[in-house]
Amino acid sequence: MRRLYLLLLLACYIAGCGLSQSEIKQREEYLYRAEVYYTNKKYMNSLQQLEYALKLDPECKRAHLSKGWALYYLSKYEGAEESFEKAFSLDDSDPWLHYGLGAVYYKKSLDSIQKISETIKKIEAGTSPQEKESLEKKWTGTLERYAKEKELWLNKSLAHLQKAIDIAPDIIDLHKLIGLNYIARGRTSYLKAIESIDHYLSLLDTEWQSMEEVKKAKELERIKIGIKQTEKERIDIVIENLQKNMRDNRQQYYTSQATAAECFYLLSLWEKEDSLRADIPPEKKHKHQKSMQLYAGKASDRLKSIIQAAPEMANHYRNLAGIAYLQGKPEEASKYLQEYLEQYPLADPQKRAQAKVQLEYWQKEKQE
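Residues 273 to 640 (my numbering) are what the sequence shown spells out, left to right.
Following this line, the structure appears as structure tokens:
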């Protein structure tokens, strides 16, 4: 996201709104310094330069936009929203403004979700049925308010994200954030979330292939006869940056693939829970069981593809074990845990201990 955003900054039209040439020059120096600090994730330093620029030119959209993103990465979402809104008032057609507002409203929805979780814990803290009932009556109104806030922020977020995509569909990370927005809405939106994440994965693949082609071309350029050493060094820097971006691309790919797998896994769990209800007819029970197997299989396929491409991601073996057990394949589940324990002796000690206990339980269950 930062890389694409910097391209936007470079493309911004430089205008002076009544400023003298020296003031325009000074403003651009501040903006350039802010951009350098932003690139290096020094957001406080970037903000300082942006404030200097805004003193010279309070109507500089570029400065307000940059300030919004710097505040966003400092987790100062109220300030970020204010800066984005100011820039929005100057130009409501900028996709990065819609993106910024969509991101801020999504963060606000997560805050509402956290408040819902904390309120539920207060209700469940009751030590008797009577106390829990009393607490539920006390906090029901609060829960409803937080639920409405969550829905409001998610709807506002999605509206801005979709507007940004309409304007600039090539901003890849928009699709990921839309997927996360749908996940935050709950079970009924999970399939839409997976659809958005899959589109994001497809765009990441396209981006990676493009970078691979450029890298190969640069490698051929580097070995040309008669090329100067200074040119070789310049090409080396380009190749190094490409390799870093390609690694980042794959990391994002595997992380999002795992997110989609988790969605399928949760869907399969919910289908299993529905199939165990005593009040449903046999045909519906069979339908839920069939859906459970379908979603579990999709989750398993995605995790297997990650392990094949990135075997160092050890936790996915444990996740595969859980999915296999859900599918009624205890032997396969035990095999994945055994592979995890054998192949990753340096994995998190607590997770290894949990895997050992789980494996022993399944083995004991099999013997019985």
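Every residue, glycine too, gets a C-beta built ideally from N, C-alpha and C.
Please report how far the alpha carbon of SER400 lies from the alpha carbon of LEU463, in whole angstroms. 38 Å
Please report how far the alpha carbon of TYR454 lies from the alpha carbon of ILE595, in whole angstroms. 23 Å
Closest to ASP470 by CA distance: which of GLU584, HIS336, GLU295, PHE536 is it? PHE536
Close-in-space but distant-in-sequence residues of the same chain around GLY290 (CB under 6 Å, 5 per side omitted): none
ASP620 to ILE509, Cα distance in whole Å? 36 Å
Test item: CB-CB of ILE385 and ALA465 under 8 Å: no
Identify which residue in ASN317, GLY458, ILE392 has its Cα closest to the Cα of LEU539. GLY458
Helix, strand or coil for LYS516? Go by DSSP, reduced to three states. helix
Among ARG574, GLN523, GLU467, SER474, which one has its Cα closest to the Cα of ILE450? GLU467
Between GLY372 and GLY340, is the Cβ-Cβ spacing less than 8 Å? yes
Could you compute how far the alpha carbon of LYS607 sits from the alpha carbon of GLU614? 10 Å
Can you tell me whether MET564 is buried or exposed, with buried defined as 16 or more other CB within 10 angstroms of its CB? buried
Alpha carbon to alpha carbon, how far is TYR633 from PRO218? Give it in angstroms, no decimals. With the chain covering only 273 through 640, there is no way to say anything about residue 218.
By Cβ distance, which residues of its chain are closer than 6 Å to ALA397, with the 5 residues on each side in sequence left out? none
Inter-residue CB distance, SER381 and LEU426 (contact presumed, cutoff 8 Å): 5 Å
TYR616 versus ALA586: straight-line alpha-carbon distance, rounded: 7 Å
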